[in-house]
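**Q** Take a look at this one; I'll ask things after.
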Amino acid sequence: MSFRFGQHLIKPSVVFLKTELSFALVNRKPVVPGHVLVCPLRPVERFRDLRPDEVADLFQVTQRVGTVVEKHFQGTSITFSMQDGPEAGQTVKHVHVHILPRKAGDFHRNDSIYDELQKHDKEEEDSPALWRSEEEMAAEAEELRVYFQIFNTRICCLSNFNSTTCVPVGNDAAIASSPLQLRDLCC
1 MSFRFGQHLI
11 KPSVVFLKTE
21 LSFALVNRKP
31 VVPGHVLVCP
41 LRPVERFRDL
51 RPDEVADLFQ
61 VTQRVGTVVE
71 KHFQGTSITF
81 SMQDGPEAGQ
91 TVKHVHVHIL
101 PRKAGDFHRN
111 DSIYDELQKH
121 DKEEEDSPAL
131 WRSEEEMAAE
141 AEELRVYFQI
151 FNTRICCLSN
161 FNSTTCVPVG
171 NDAAIASSPL
181 QLRDLCC
């Protein structure tokens, strides 16, 4: 099953999270390491046209994914960006949120990241020669997918039980031995 992203068909190998209403994918030409996208499953061009349940899911997924990519790529902050309409820089006619893990000094001027986002998918600067390989993208998606498989196979303790460690369920040794904490994964 492919995913529709505006005029593009996205292979499942580059999608690392899917919910009932949204999906998250790696970026073919990231501005910074870990630059990923979250989109509604329904191909909607403008944010105002999303249903309330789609808005809620989009931002819940964005929060979860942001937490994971910040940790995985050793970021200290995150830039979230949505370009809604052509004058805002939207080049793919499908609502999507850019999630970019940030580090001190990653740009000379902190806000230069927005200049990079504005130009990174422009036609004259978006040659397939600049894209990452499908194999590289699939490998990154697999690394991120593991976090969500771990999250989905654990029973997390409630904070009022004075514990932030997730309790593993099932027999997967890699999952059971993972040092991930509830605070690292849960929204």
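In the UniProt record's numbering, the protein residues as written are 1 to 187.
For glycine and all other residues, C-beta sits at the position ideal for the given N, C-alpha and C.
Does the Cβ-Cβ distance between residue 22 and residue 38 come in under 8 Å?
**A** Along the sequence shown, one-based indexing puts residue 22 at 22. Along the sequence shown, one-based indexing puts residue 38 at 38. In contact: residue 22 and residue 38 (Cβ atoms closer than 8 Å).
**Q** Which residue wins for smallest C-alpha separation from residue 35, given the options 91, 41 and 27?
**A** To locate residue 35, count along the sequence shown from 1; it is residue 35. If we check each option's Cα against that of residue 35, 27 comes out closest.
**Q** Should residue 67 and residue 80 be called a contact, given that it needs their Cβ atoms to be closer than 8 Å?
**A** What you label residue 67 is simply residue 67 of the sequence shown in a count that begins at 1. What you label residue 80 is simply residue 80 of the sequence shown in a count that begins at 1. Their beta carbons are not under 8 Å apart, which means residue 67 does not touch residue 80 by this criterion.
**Q** How is residue 73 classed by DSSP in three states: helix, strand or coil?
**A** As a working mapping, residue 73 is identified with position 73 in the sequence shown. DSSP places residue 73 in coil when its eight states are reduced to three.
**Q** Using DSSP bridges, identify the partner residues of residue 18.
**A** Sequence index remark: in the sequence shown, residue 18 carries index 18 (1-based). Answer is 23.
**Q** So is residue 116 buried or exposed if we call it buried at 16+ other beta carbons inside 10 Å?
**A** For the purposes of this step, residue 116 is taken as residue 116 along the sequence shown, with counting starting at 1. Its Cβ having fewer than 16 others within 10 Å, residue 116 is exposed.
**Q** Cα separation between residue 134 and residue 52?
**A** Position 134 of the sequence shown, counting from 1, holds the residue named residue 134. Position 52 of the sequence shown, counting from 1, holds the residue named residue 52. Answer to the nearest angstrom: the Cα atoms are 34 Å apart.
**Q** Here's a check: name, in chain order, each residue in its chain whose Cβ is nearer than 8 Å to the Cβ of residue 1, leaving out the five neighbours to either side.
**A** On the sequence shown, residue 1 is found 1 positions in, with the first residue counted as 1. So the list reads 12, once near-sequence residues are dropped.
**Q** I need the straight-line Cα distance from residue 30 to residue 57, nearest angstrom please.
**A** As a working mapping, residue 30 is identified with position 30 in the sequence shown. As a working mapping, residue 57 is identified with position 57 in the sequence shown. If I take the Cα positions, the gap works out to 24 Å.
**Q** List the DSSP bridge partners of residue 113.
**A** For the purposes of this step, residue 113 is taken as the residue at position 113 of the sequence shown. Paired residue(s): none; residue 113 is not in a bridge.
**Q** Let me check understanding here. Comparing Cα to Cα, which of 17, 100 and 114 lies closest to residue 76?
**A** As a first step, residue 76 must be located in the sequence shown, where it is residue number 76. Comparing Cα-Cα distances from residue 76 to each of 17, 100 and 114, the minimum goes to 100.
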